[in-house]
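According to the UniProt record's numbering, the sequence shown is numbered sequentially starting from 1. Accompanying notes for the structure given below.
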Amino acid sequence: MCGIFAYLNYKIERERRYILEVLFNGLRRLEYRGYDSSGIAIDAGECGSRGSASSPLVFRQEGKIESLVRSVYEEVDASNLNLGESFSVHAGIAHTRWATHGVPSPRNSHPQSSGTGHEFLVVHNGIITNYEVLKETLVRHGYTFESDTDTEVIPKLAKFVFDKANDEEGAQMVTFSQVVMEVMRHLEGAYALIFKSSHYPNELIACKRGSPLLLGIRGEAEKVSCGTSFQDANLLRPNGQPKELFLSSDANAVVEHTRTFMVLEDDEVIHLKALSLSLDGGVTILKYDPGKVEINGIHRPASVHRALSVLEMEVEQIMKGNYDHFMQKEIHEQPESLTTTMRGRLISGDSSKAKGVLLGGLKDHLKTIRRSRRIVFIGCGTSYNAALAARPFMEELSGVPVTMEIASDLLDREGPIYREDTVVFVSQSGETADTLQALNAIARETDCGVHINAGCEIGVASTKAYTSQIVVMTMVALALGGDTISSQARREATLDGLLDLPNKVREVLKLDDELKSLAKLLMCEQSLLVFGRGCNYATALEGALKVKEVALMHSEGILAGEMKHGPLALVDETLPIIVIATRDACFRKQQSVIQQLHARKGRLIVICSKGDASLVCAGGSCRVIEVPQVVDCLQPVINIVPLQLLAYHLTVLRGFNVDQPRNLAKSVTTQ
């Protein structure tokens with residue numbers, strides 16, 4: 001995954017220094033999406049009418065964003081480029097990369113170029129799956145490639161399309177949007193793209209398929225109420241008010257500038273055009289239709305009316321505040337994120353209303369789901385673990401069998417999904433490529449859904465999204481279960497547990513110092529095992545995953561019932577083992593597991609319910625972490641927090657980057 005960002009100012013004077021800083025800050029907000037290299041492109045001088053622009057200035061650098069910033073200002077000093085030069089209209093693009101094709105290096109960084117003169121430049125988030133075929137075709141037409149990326153085919157293909165269209169006898173001047181839509185016709189895979197071209201100065205084109213992209217507007221449009229269309233907002237009309245437009249992979253990079261935005265939908269093409277102060281400009285949204293694209297102006301797709309929205313986010317949410325790292329902040333934000341996730345969805349009960357759950361996105365589909373042959377959860381990584389934690393309660397209340405699928409595996413084996421199945425796709429970001437591909441393989445769009453509303457999560461290792469996902473799926477189970485007399489007591493206990501859950505999480509967070517002390521004992525270890533059972537098997541998997549991905553320590557989550565089928569051979573007095581043994585239906589079995597591990601001199605750390613230390617660890621033979629007891633289906637939310645804290649402190653003590661772990665980015669693309 002990568003981060004892309006663009007900035008266009010219209011009829012407002014901005015110095016080159018200001019434009020650079022806007023682009024740099026945009027990348028800083030997106031660095032969690034990719035941090036092995038980065039780049040920007042700006043104009044060399046004031047652009048005039050179409051075709052008169054000089055070649056853009058392109059800066060690319062390996063390493064973190066600050067490496068790019070230093071190198072840009074060094075080049076500026078060496079070339080005597082005037083940072084004070086003012087632009088009334090300017091379009092700049094930027095990119096932070098997480099390498100997929102080609103090692104981190106300046107030549108593999110974005111923007112990728114069409115060649116000498118940078119006639120077309122592209123920044124890209126996603127993967128082009130047919131790039132090798134396109135590359136072979138372009139090589140046969142005389143194009144030379146400089147990078148190892150899949151992205152480089154895109155600007156070169158744009159140049160090929162542009163040159164071909166303008167070489168044809170009697171051809172009309174091809175528009176920027178026509179060039180891009182012809183390029184889109186040849187691309188396969190998932191992508192969000194922003195194009196800049198010297199042939200179309202002061203214009204940007206953005207398009208997307210499967211990867212996120214949004215447009216932010218600062219200016220007169222901010223006075224428009226939510227739901228107003230772009231056409232009604234009078235954007236970039238002649239003699240209009242000054243405007244600044246922002247394109248970004250994520251709202252994080254936009255919220256400090258504006259809260260007025262629009263999220264692009266798949267196969268939409270957005271054309272930002274500010275030709276000059278005397279010529280018309282505008283924001284045009286077109287719907288790409290592969291059956292109608294023609295390059296010589298014969299077909300001009302109609303513009304799409306889209307509504308503006310208002311970001312419900314504050315700048316403080318994307319700042320670390322008093323915390324040292326985003327992961328630390330997000331772990332400690334979980335009481336608030338859980339409260340937000342449940343707000344407006346839980347009915348606490350009074351004289352007029354019974355306790356219950358209201359999920360607007362599902363209410364019209366509950367009867368259909370209850371009649372399902374089975375419910376299939378599909379996810380990856382942490383989202384898969386959250387679904388696994390919720391599965392027992394979902395089966396119990398709905399009475400429908402629940403099966404689990406890892407998205408990539410389902411795709412690889414082309415697993416069967418039947419008409420009578422209800423398929424639940426679980427994703428933190430909504431852009432996990434394997435999960436989206438599975439969705440596209442089964443159906444073109446979802447029938448209904450529920451957002452977790454946990455707030456932005458910038459640390460790569462998910463924490464508050466995981467716990468919010470479990471809570472959402474618990475509420476879904478309650479909604480599906482109805483109000484049968486046999487389940488009434490169980491439902492009410494769970495509803496009470498949900499209402500009190502944020503307070504219980506606050507109690508667990510008080511164990512921070514205790515977990516830091518434990519991390520000091522484990523920081524030099526090479527491996528860690530985590531045993532769980534029942535709904536806490538998911539806790540074992542997720543806890544081990546957190547240690548693995550940020551602390552870079554081998555860790556493995558193990559189903560305790562499988563202990564004798566191999567894992568027991570690893571147990572000795574040196575290997576640290578965490579056993580989750582809180583009060584639930586598997587408590588007695590976990591006591592037996594602890595006894596067997598202790599008999600083999602296992603080095604045990606036990607997470608148990610308050611007051612159970614003597615039951616799980618007779619004679620003080622192991623280290624005990626006591627946590628609050630809650631209703632069993634919510635216990636995984638409580639039990640994961642100590643493991644999140646342990647992973648965080650292990651990472652800091654081992655000297656690794658908590659928020660940007662090696663080789664990982666926030667969302668994962670396929671392959």
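Note that CB positions come from ideal geometry on N, CA and C, so glycine has one too. For clarity, every value in this text was computed on a predicted model and none was experimentally measured.
Arg-623 is bridged by DSSP to Ile-605. By the Cβ neighbour-count rule, Ala-41 is buried, with 16 or more other Cβ atoms within 10 Å of its own. For the pair Arg-97 and Tyr-73, the Cα-to-Cα distance works out to about 20 Å. If you draw a 10 Å sphere on the C-beta of Ala-158, you find 16 or more other C-beta atoms in it, and that means buried. By the Cβ-count criterion, Arg-603 is buried, with 16 or more other Cβ atoms from all chains shown falling within 10 Å of its own Cβ.
Going by beta carbons, Gln-591 and Ala-599 fall outside the 8 Å limit. The beta carbon of Asp-632 lies closer than 6 Å to those of Asp-584 in the same chain, with the five residues before and after it left out. Taken through DSSP and simplified to helix, strand or coil, Gln-590 comes out as helix. Listed in chain order, the alpha helix (DSSP H) elements of length 4 or more contained wholly in the stretch 80-140 are 131-140. For Leu-134, same chain residues with a beta-carbon under 7 Å away, outside a window of 5 residues either side, are Val-153, Leu-157 and His-186 in chain order.
Beta-bridge partners assigned by DSSP to Met-262: Leu-215. By the C-beta criterion, the stretch 535-544 is judged to be in contact with the stretch 554-564, since at least 3 inter-stretch pairs fall below 8 Å. Counting only unbroken stretches of 4 or more residues, the alpha helix (DSSP H) elements lying wholly within the stretch 525-607 are 537-551 and 587-599, in sequence order. Rounded to whole angstroms, the Cβ separation of Ile-638 and Val-471 is 12 Å, and the two are not in contact under 8 Å. In this structure Cys-2 is buried. Its beta-carbon is surrounded by 16 or more other beta-carbon atoms within 10 angstroms. The alpha-carbon of Phe-531 is positioned some 40 Å away from that of Leu-27. Each residue's CA atom was taken as its position, placing Leu-215 and Ser-248 some 7 Å apart. Contact between the stretch 513-525 and the stretch 561-573 is absent, with fewer than three C-beta pairs closer than 8 Å. A direct Cα-to-Cα measurement between Ala-44 and Met-181 gives close to 27 Å.
Note on Val-423: 16 or more other CB atoms within 10 angstroms of its CB, so buried under the neighbour-count rule.
Inter-residue distance for Tyr-384 and Phe-377 is about 8 Å (C-alpha atoms, whole angstroms). Residue environment analysis places Gln-526 among the exposed positions, since fewer than 16 neighbouring C-beta atoms fall within 10 angstroms of its C-beta. For Ser-303, the CB contacts under 8 Å within the same chain, skipping 5 residues up- and downstream, are Gln-231, Thr-284, Ile-285 and Leu-286 in chain order. Put simply, of Ser-427, Gly-534 and Val-402 the residue whose alpha carbon is nearest the alpha carbon of Ile-417 is Val-402. When the alpha-carbon of Arg-506 is set against those of Thr-339, Leu-521, Ser-462 and Arg-306, the nearest one is in Thr-339. Within the model, the alpha-carbon separation for Ser-609 versus Leu-615 is close to 10 Å. The C-alpha of Leu-346 lies about 6 Å from the C-alpha of Gly-356.
Separation of Phe-24 and Gly-344 (C-alpha to C-alpha, rounded to the nearest whole angstrom) is 38 Å. Counting other Cβ atoms within 10 Å of its Cβ, Met-173 stays below 16 and is therefore classed as exposed.
In the three-state scheme derived from DSSP, where H, G and I count as helix and E and B as strand, Ile-406 is classed as strand. At least 8 Å separates the beta-carbon of Glu-62 from that of Pro-111. Cα atoms of Thr-144 and Phe-59: separation of roughly 20 Å, rounded to the nearest angstrom. Sequence-distant partners of Gly-497 (beyond 5 residues in either direction) whose C-beta falls short of 6 Å from its own C-beta, in its chain, are Val-630, Val-631 and Leu-634. By the Cβ test, the stretch 78-98 is in contact with the stretch 7-19, since at least three Cβ pairs between them sit closer than 8 Å. Rounded to whole angstroms, the separation of the alpha carbons of Phe-160 and Phe-176 is 13 Å. Judged by their CB atoms, Pro-636 and Ile-625 are not nearer to each other than the 8 Å cut-off.
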